[in-house]
Structures are given as C-alpha cells and as structure tokens.
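>
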Amino acid sequence: MKGVFITGTGTGIGKTVVCGLLAGFLRARGMRVTTQKWVETGVTDGPSDIDVHRRLMGDSDAGSGPLLSDRCPYRFSLPASPHLAAAREGRRVDPAVIEAAYRRLAETHDVVLVEGAGGFLVPLSEDLLTGDLVARIGLPVLVVAGNRLGCVNDTLLTVEAVRRRGISLPGIVFNRLPGEGDGTRAEVQDDNLRIVAAITGAPVLGEVPLLPDPACGAEAFASVGRAFLERWRVI
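Right, dumping it as structure tokens:
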C-alpha cells in the first residue's frame, strides 16, 4: 500500500478535482483506491469534498459509519484554517485520530489519496502544522499549483517546505484556472511550468486544462496521471 498527500499552493486552486481525477485514473488501472480529507472547513449542506472525489472517481458508495468518518475525521462549519474552525466549535484537531483513520483506510486499500486543507503549512492546531503531520506519517507529497500570475513564488515556497521536512516529492501538477486566458496571462501561464521545473528540478507532471465539467475530465487528465504513475513507482 502507498499513500500520497495532495497539497496545494493555496485555497481554491483545484486540489479536490485533481485528487478525484487521480483516484479515478488509478482505479481504472485496477487499484483499490480511496480518498481522505483530514479536515474540511466551511462545511455546508452542499456536496463535501469527499462527495466530489466520489463523483470524479466513479465511487458509488462513500460508505457509512466508521468508513465515512475515517475518510473525513473532522468537519467544521467555519470557512477558516482548521485550528480556528475547530476552536470556534470548542474542539481541537487530534493528530492521533487522523493517523488512526489513515491507517485503517490503508489496511483495506492499495492507495489512499489524502487531500489537504488549504496549503502545506496550514495549522491543524496551535502547535501542529499540516506538513509536520504529513512528515510524521511518512507520505510523499504531490503539489497542485493554481496556474495564475504569482503562482511561481507560491509553488517554490511549497516545494521548499516539503523538502525541508525530508519528504519525497513525486511531482507538481499545474491546474488551469478560470479567468486567466487572455494573451498576456497565457504567456505567463505557459512559462510558469518551465521556470518552476528549472528552479526546483522537481518533475512537472503537466497541466490540467480548464474543465467545464470535471466529471468529464478523465481523458484530459490521462497524461498527467501517466506521468504521476511513472514517478510514483520509483520513489
């Protein structure tokens, strides 16, 4: 069994879509795949991030009871960093609960894809950063970068934070964002992939194009999925 932590250069840059599409890609190749999100904030009556994963990976049953709670151990209503969202409800994120849930999923699946909340150094509590728990559990990190003006700095900082913790980095996936398609921005976006690869030396696995309906994105994601699988098998 192998797990992968999917982090991002920030909030709202496409981690959920990449996680779901990657899960579907691996499942189509015969792997027993599940997804997990340690903490989800801003919870409403609408679909959760796990629901989005399920839709994109063709998972008809998220499970119930213990299985469902293991896939998302903590859910909070305040759209904020986990430490603050938990405090608002008089609760605290316990890393032991998260790690135990991850281990249970790992026992029954070939692959567990864990989507982070926000960026790599988001605090889970006053004394624990997300990246430190990732290092403790021993997960390699896939970085998702929202491909827009300014993402080079965000991506370099994320890669540096991952590497400083001695964590394996199978690659970086860029995600094309809406509203970034004029001529100047297109030139910037194309160069973002090149310059990040040149500076970090990390594998840039490709770019997920803008998808009107991510549920129909399996074909568009396939090249990224193949590049990930090739890298992941050698780490």
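Counting from 114, one number per residue, gives the positions in the sequence shown under our numbering. The beta carbon of each residue, even a glycine, is placed where N, CA and C say it ideally should be.
Near G234, which residues of its chain fall below 8 Å by C-beta distance, leaving aside the five closest residues on each side in sequence?
On the sequence shown, residue 234 is found 121 positions in, with the first residue counted as 1. What sits at residue 234 in the sequence shown is Leu, not Gly. So the qualifying residues of the chain are L242, T243, G244 and A274.
> Run through the segment 115-140 for me and flag every whole alpha helix (DSSP H) of 4 or more residues, listed as ranges in chain order.
Within the segment 115-140, the complete alpha helix (DSSP H) runs of at least 4 residues are 128-140.
> From the DSSP output, read off the bridge partner residues of Y187.
Here residue 187 corresponds to residue number 74 of the sequence shown, with the count starting at 1. DSSP, once it has assigned bridges, lists V152 as partnering Y187.
> Are the segment 130-146 and the segment 211-225 touching, with three or more C-beta to C-beta distances below 8 Å?
Touching, yes.
> Let's test the definition: count the other Cβ atoms within 10 Å of the Cβ of V252 and tell me whether it reaches 16, buried, or not, exposed.
Translated into positions along the sequence shown, residue 252 becomes position 139. Going by the sequence as given, residue 252 is Leu instead of Val. Buried: at least 16 other Cβ atoms inside 10 Å.
> Helix, strand or coil for R346, going by three-state DSSP, please let me know.
Along the sequence shown, one-based indexing puts residue 346 at 233. R346 falls in the coil class under three-state DSSP.
> Strictly by DSSP, which residues pair up with T147?
In the sequence shown, counting from the first residue as 1, residue 147 sits at position 34. Bridge partners of T147: V225.
> Applying the criterion that 16 or more other CB atoms from any shown protein chain within 10 Å of the CB defines a buried residue, is L262 buried or exposed?
In the sequence shown, counting from the first residue as 1, residue 262 sits at position 149. So L262 ends up on the exposed side.
> Output the boundary residues of the alpha helix (DSSP H) element that contains V165.
As a first step, residue 165 must be located in the sequence shown, where it is residue number 52. D162 to M170 is the span of the alpha helix (DSSP H), which, as asked, contains V165.
> Would A157 be called buried (16 or more neighbouring beta carbons within 10 Å of its own) or exposed?
Residue numbering aside, residue 157 sits at position 44 when the sequence shown is read from its first letter. Here the sequence assigns Thr to residue 157, which means Ala is not the residue at that position. With fewer than 16 Cβ atoms within 10 Å of its Cβ, T157 is classed as exposed.
> In this structure, what does DSSP give as the bridge partners for S238?
Residue mapping note: residue 238 aligns to position 125 of the sequence shown, counting from 1. BP columns for S238 point to L241.
> Which term fits E320, buried or exposed, when burial requires 16 or more other beta carbons within 10 angstroms of its beta carbon?
Numbered from 1 along the sequence shown, position 207 holds the residue referred to as residue 320. Classification for E320: buried.
> State the start and end residues of the unbroken alpha helix (DSSP H) segment that holds V275.
Sequence index remark: in the sequence shown, residue 275 carries index 162 (1-based). Run containing V275: C264 to R277, per the alpha helix (DSSP H) assignment.
> Around the Cβ of E239, are there at least 16 other Cβ atoms within 10 angstroms (buried) or fewer (exposed)?
Translated into positions along the sequence shown, residue 239 becomes position 126. E239 is exposed by the Cβ-count criterion.
> Could you check what DSSP says for R289 in three-state terms: helix, strand or coil?
What you label residue 289 is simply residue 176 of the sequence shown in a count that begins at 1. Strand.
> Output the residue ranges of the beta strand (DSSP E) runs that lie fully inside the segment 301-343 and measure 3 residues or longer, sorted by chain position.
317-321
> Out of curiosity, what's the CA-to-CA distance linking T120 and V165?
Position 7 of the sequence shown, counted from the start, is the residue given in the question as residue 120. Position 52 of the sequence shown, counted from the start, is the residue given in the question as residue 165. Approximately 17 Å between the Cα atoms of the pair.
> So, using beta-carbon positions, are I280 and A248 closer together than 7 Å?
Position 167 of the sequence shown holds residue 280. Position 135 of the sequence shown holds residue 248. Yes, Cβ-Cβ distance for I280 and A248 is below 7 Å.
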